[in-house]
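Notes to accompany the following structure.
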Amino acid sequence: MTMMSDRQQLSYIASQAADARLNVELETEGMTLNIGPQHPATHGTLRIIARLDGEQVIWAEPSAGYMHRGYEKLTEVRTFPQVTTLINRIDWLGSFANEVPFILAAEKLMDIEAPPRAQVIRTILFELSRIANVSLFLGDLGVQMGAVTPVFLAFRDREYVLNLIEGATGGRFHPNFDRIGGLKDDLPKGWIDETKQVMKKLIGFCDENESLLFGNEIFQSRMRGIGVIPAEIAKEYGLSGANLRASGVDYDLRRDQDIALSYDLCDWKVWTHPDGDSWARCWVRLQETRESCKIVLQLLDQIPAGPVMTKVPRIIKVPEGEAYVSTENPLGEMGYYVVSKGDLGPFRVKIRSASFSNMSIASWVLKGVYVPDIVTILSSLYFILGDIDR
Amino acid sequence: MAPLSDDTQSAVATEDDAPLALPGDGVREAVVDDLRNRIGDALIDSHIVPNDDLTVRVSTESWAATGAALKAAGFTFFSWLSAIDWMPSPYGKGEDDPTVEKEPIDMTIKQGVCGGDTRFQVLARLTDLNRHVGITIKADVDDDTPVVDSWTGSFAGANWHERECHEMFGIGFNNHPDLRNMYLPTDFEGHPLRKDFPLLARMVKPWPGIVDVEPMPEKAEEIADEPLPVTDEAGRIDPVATEELTGEPPSDPDLTMADAAATGDEATEVGAADAGADSEHSDAGSDDADAAADADADADDTPESSEPAATHDDAPESAADPLDVAEGASTADADPQEEAGS
């Protein structure tokens with residue numbers, strides 16, 4: 000707690016005060032507010048139960064499970080190549096990014112590596128799915144505060160990215176394109192030029208979004224100093240991705256681990272923000288979308304020649320072992336703990352999804368806030384229900 | 000593009016401040032030594048994958064103490080907590096080939112990296128954000144009283160992970176503030192991620208899995224037994240003679256000799272197409288299962304029926320694609336709601 004800014008400290012004190020009030024004034028006749036499971040701020044079906052004292056939340060608890068699909072159990076009766084179909088549907092806005100850590104874990108157990116060309120294309124598609132995912136977040140932000148225009152811009156520009164993903168993989172939302180040992184196919188003709196143009200459009204979208212939203216007075220007053228999460232608390236709850244970096248923690252799995260993706264080929268920045276409030280989380284995401292566009296633009300010029308698939312046996316048996324591989328997905332750290340017993344399919348797969356941990360802080364951060372802030376805080380934490388419920 | 004000026008100043012792009020420093024083996028060895036100093040004999044085993052990963056196993060009693068010790072040692076980022084059931088599934092794998100005699104399942108419990116003595120183990124993952132080292136911690140869970148201490152004292156984020164672990168594996172956590180179900184209904188019976196919890200969807204309907212792209216065995220047999228159409232020198236099919244032989248007119252009078260060549264492989268491929276078309280209309284319920292069982296009994300006598308398995312092994316690289324078709328069908332058991340969310 001030593002590194003807190005004044006604003007963080009004030010908010011922390013406020014939440015402590017709310018704690019105290021909960022203990023002292025438990026007799027007060029409050030009100031229980033039920034949000035969801037179909038609220039537009041929830042990207043799925045999350046229910047939030049909040050107990051109010053006047054207009055202040057004294058206790059809030061998200062209730063997940065409306066969409067639980069049991070993927071960890073289902074992976075145990077699938078072969079390794081079949082698992083990608085399931086995990087595509089965890090974070091459905093950035094599906095390709097879900098496949099990558101699992102494939103990397105399987106490759107690690109088999110002790111093979113994708114050819115350089117496949118690695119670069121993987122990285123490009125990974126970043127494209129991040130752009131598709133986060134651009135929707137940037138548009139959706141305004142809707143929570145009654146600004147309807149940005150969401151149309153977001154849907155318009157996301158469409159370009161989805162078309163690119165569809166052009167390369169054949170699937171708009173669920174590409175299922177990553178294979179153990181490489182990729183299913185090479186890029187289609189003309190795709191690289193098309194992508195360059197779209198990336199320039201998307202950088203324009205970020206500028207547009209910034210001038211529309213981030214400078215807006217209402218937006219700032221609804222976001223600044225609201226929902227502050229200090230760095231220590233963020234780490235303890237396992238917050239990851241932009242949520243962690245917005246609390247001033249400089250950690251990015253794209254940069255900070257040795258992984259078979261091509262981020263070291265290009266020049267890019269990891270953005271952090273010291274404030275840890277809702278505004279910081281949104282701002283970091285905006286910067287990251289820009290960085291992603293830059294990464295893609297640089298990588299498009301560096302795709303090496305060669306095959307996109309290394310030699311793998313036709314029937315894939317993964318040797319006995321355990322591996323944990325995580326990557327910096329659009330929502331945060333996503334990882335798979337894969338246990339293989341030398342069979343066609345995994346023995347156990349633990350799916351570490353980002354939103355699960357990101358949402359577990361909700362009851363902490365919502366304590367002491369006012370009712371209208373619930374929606375903006377949840378929206379800035381950015382979660383996708385498929386990523387919580389798996 | 001001009002971001003708001005005050006924020007660009009307060010925000011820090013720390014690319015230069017924190018150069019890419021990936022830890023070598025020395026760092027991980029130091030972590031293990033440090034942990035041994037902190038918890039002593041409670042550290043049972045450790046396993047280092049050079050320049051990659053670190054796993055340690057600690058005693059059940061010191062499970063919570065290890066979390067606190069590692070937090071003090073710099074592992075402040077809580078990644079996840081879960082468990083594993085090392086018992087092999089008594090139901091086998093869903094994608095087993097129905098034409099192959101089921102081998103008895105070896106029910107020996109064999110633990111993974113760093114060993115173990117019990118059926119269940121709890122796992123947790125922590126990360127040191129400064130040194131960029133991750134560590135996986137394991138501990139045995141007693142078979143009779145599957146209860147360990149909660150990590151919520153050290154890491155508040157363990158709350159949800161332990162709730163999930165509790166409902167999925169039936170492992171209890173001492174001192175947990177609120178061990179309610181995370182996903183499942185309150186009155187749900189059983190612990191789904193235990194290996195002896197049957198996946199009912201697989202029990203009532205066998206998963207086609209890898210054999211789906213091959214012709215069903217009984218179809219392949221029928222095709223092989225069918226008399227071939229009678230043809231003239233030019234390869235044209237003689238409809239009258241064919242009808243006399245087979246009892247029905249040939250379906251495609253333009254079929255050439257080459258198309259209908261009597262090699263076993265091609266006959267099987269025709270069978271594959273037919274079987275695919277037919278199976279769309281048939282209910283893949285108990286009827287199919289019975290038929291498969293019958294074909295199974297005959298499989299040893301007829302060489303043709305063993306063809307499907309052989310062709311699969313020898314199939315070219317593109318054989319991976321039909322697998323995808325099979326995967327596509329599997330999405331039927333995924334929740335339709337997820338599409339709506341996009």
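Residue numbers (numbering that gives the first Met the number 0), protein chains in the order written: chain A, 0 to 389; chain B, 0 to 341.
Each residue gets a CB set at the ideal place from its N, CA and C atoms; glycine is no exception.
Given this structure, state the Cα-to-Cα distance separating residue 364 of chain A from residue 28 of chain B, to the nearest angstrom.
When rounded, the distance between both Cα atoms is 37 Å.
How about residue 14 of chain A and residue 122 of chain A: do their beta carbons lie closer than 7 Å?
Cβ atoms of residue 14 of chain A and residue 122 of chain A: not closer than 7 Å.
At least one CB of chain B closer than 7 Å to the CB of residue 236 of chain A: is that the case?
Residue 236 of chain A counts as touching chain B.
So what does DSSP say about residue 135 of chain B, is it helix, strand or coil?
The answer is strand: DSSP assigns residue 135 of chain B an E or B state.
If you draw a straight line from the C-alpha of residue 58 of chain B to the C-alpha of residue 34 of chain B, how long is it?
Distance between the alpha carbons of residue 58 of chain B and residue 34 of chain B: 13 Å.
Would you say residue 159 of chain A reaches chain B, if we count a Cβ-Cβ gap shorter than 7 Å as a contact?
Not closer than 7 Å to any Cβ of chain B, the Cβ of residue 159 of chain A fails to qualify, so no.
At the 7 Å Cβ level, is residue 72 of chain A part of the contact set with chain B, yes or no?
At least one chain B Cβ lies under 7 Å of residue 72 of chain A.
When you compare each of A/155, A/197, A/312 to residue 111 of chain A by their alpha carbons, which one comes out closest?
Of A/155, A/197, A/312, the residue nearest in Cα terms is A/312.
Going along the stretch 191–202 of chain B in order, which residues come within less than 7 Å of chain A, judged by CB to CB distance?
From the stretch 191–202 of chain B, only 191, 192, 198, 201 have a Cβ closer than 7 Å to chain A.
When you compare the stretch 64–73 of chain A with the stretch 330–339 of chain A, are there three or more beta-carbon pairs, one atom per stretch, that lie closer than 8 Å?
Cβ pair count under 8 Å is below three, so no.
Between residue 178 of chain B and residue 165 of chain B, how many whole angstroms is the CB-CB distance? I'm expecting something under 8 Å.
Their Cβ separation, rounded to whole angstroms, is 5 Å, which keeps residue 178 of chain B and residue 165 of chain B in contact under 8 Å.
Would you mind telling me which residues of chain A sit closer than 9 Å to residue 135 of chain B, beta carbon to beta carbon, in chain order?
Residues of chain A passing the Cβ test: 321, 323, 336.
Please look up how many angstroms separate the CB atoms of residue 120 of chain A and residue 201 of chain A, rounded, as I've assumed it's under 8 Å.
Residue 120 of chain A to residue 201 of chain A, Cβ: 18 Å. No contact.
For residue 110 of chain B, name the three-state secondary structure that DSSP assigns.
Looking at residue 110 of chain B - three-state DSSP - the assignment turns out to be coil, as it is neither helix nor strand.
Strictly by DSSP, which residues pair up with residue 331 of chain A?
Paired residue(s): A/328.
Compute the beta-carbon to beta-carbon distance between residue 103 of chain A and residue 353 of chain A, rounded to the nearest angstrom, for a pair I have assumed lies under 8 Å.
Rounded, the Cβ-Cβ distance is 16 Å, inconsistent with contact.
If you draw a straight line from the C-alpha of residue 185 of chain B to the C-alpha of residue 64 of chain A, how long is it?
Using only the alpha carbons, I get a separation of about 11 Å.
In three-state terms, what does DSSP make of residue 5 of chain A?
Three-state result, residue 5 of chain A: helix.
In whole angstroms, what is the alpha-carbon distance linking residue 17 of chain A and residue 68 of chain B?
Residue 17 of chain A and residue 68 of chain B: Cα-Cα distance of roughly 31 Å.
Just curious, the alpha helix (DSSP H) that residue 80 of chain A is in, first and last residue?
Segment 79–86, the alpha helix (DSSP H) holding residue 80 of chain A.
Are the CB atoms of residue 122 of chain B and residue 137 of chain B nearer to each other than 7 Å?
Yes, the Cβ-Cβ distance between residue 122 of chain B and residue 137 of chain B is below 7 Å.
So, helix, strand or coil for residue 232 of chain A, using DSSP?
The answer is helix: DSSP assigns residue 232 of chain A an H, G or I state.
Within a Cβ cutoff of 6 Å, which residues of the same chain sit near residue 115 of chain B, ignoring the five residues on either side of it in sequence?
Once the five neighbours on either side are set aside, the close Cβ partners of residue 115 of chain B are 139.
Taking residue 325 of chain A as the reference, give the member of B/36, B/43, B/26, B/52 with the closest Cα.
Of the candidates B/36, B/43, B/26, B/52, the one whose C-alpha sits nearest the C-alpha of residue 325 of chain A is B/52.
Leaving out five residues on either side along the sequence, give the residues of the same chain with a beta carbon under 8 Å from the beta carbon of residue 58 of chain A.
Around residue 58 of chain A: 21, 49, 50, 362, 366.
Please determine, among A/298, A/106, A/67, A/96, the residue with the shortest C-alpha to C-alpha distance to residue 80 of chain A.
Cα-wise, what sits closest to residue 80 of chain A is A/106.
Along the chain, which unbroken stretches of the alpha helix (DSSP H) at least 4 residues long are found entirely within the stretch 152–194 of chain B?
For the stretch 152–194 of chain B, whole alpha helix (DSSP H) runs of length 4 or above, ordered along the chain, are 157–168.
Hey, residue 31 of chain B and residue 45 of chain B: beta-carbon distance below 7 Å or not?
Closer than 7 Å, so yes.
Contact defined as beta carbons within less than 8 Å: I believe residue 190 of chain B pairs with residue 171 of chain B. What is the distance between those atoms, to the nearest angstrom?
Actually they are not in contact, since the Cβ atoms of residue 190 of chain B and residue 171 of chain B sit about 11 Å apart, beyond 8 Å.
Confirm the yes/no value for this check: CB of residue 156 of chain A, any heavy atom of the ligand FAD, distance under 6 Å.
With respect to the ligand FAD, the structure offers nothing, as it holds no ligand at all.
Between the C-alpha atoms of residue 201 of chain B and residue 88 of chain A, what's the straight-line distance to the nearest angstrom?
Computed Cα separation, rounded: 20 Å.
State the start and end residues of the unbroken beta strand (DSSP E) segment that holds residue 59 of chain A.
Counting along the chain, the beta strand (DSSP E) containing residue 59 of chain A begins and ends at 55–62.
List the residues of chain A that residue 83 of chain B touches, going by C-beta distances under 7 Å, in chain order.
Result: 338, 347.
Exposed or buried, which one is residue 151 of chain A when buried takes at least 16 other CB atoms within 10 Å?
Exposed, by the Cβ-count rule.
Can you round the beta-carbon distance between residue 216 of chain A and residue 154 of chain B to whole angstroms, since I take them to be within the 8 Å contact cut?
Wrong, their Cβ atoms sit about 39 Å apart, outside the cutoff.
Quick one: using the 10 Å Cβ neighbour count with 16 as the cut-off for buried, is residue 85 of chain A buried or exposed?
It counts as buried.
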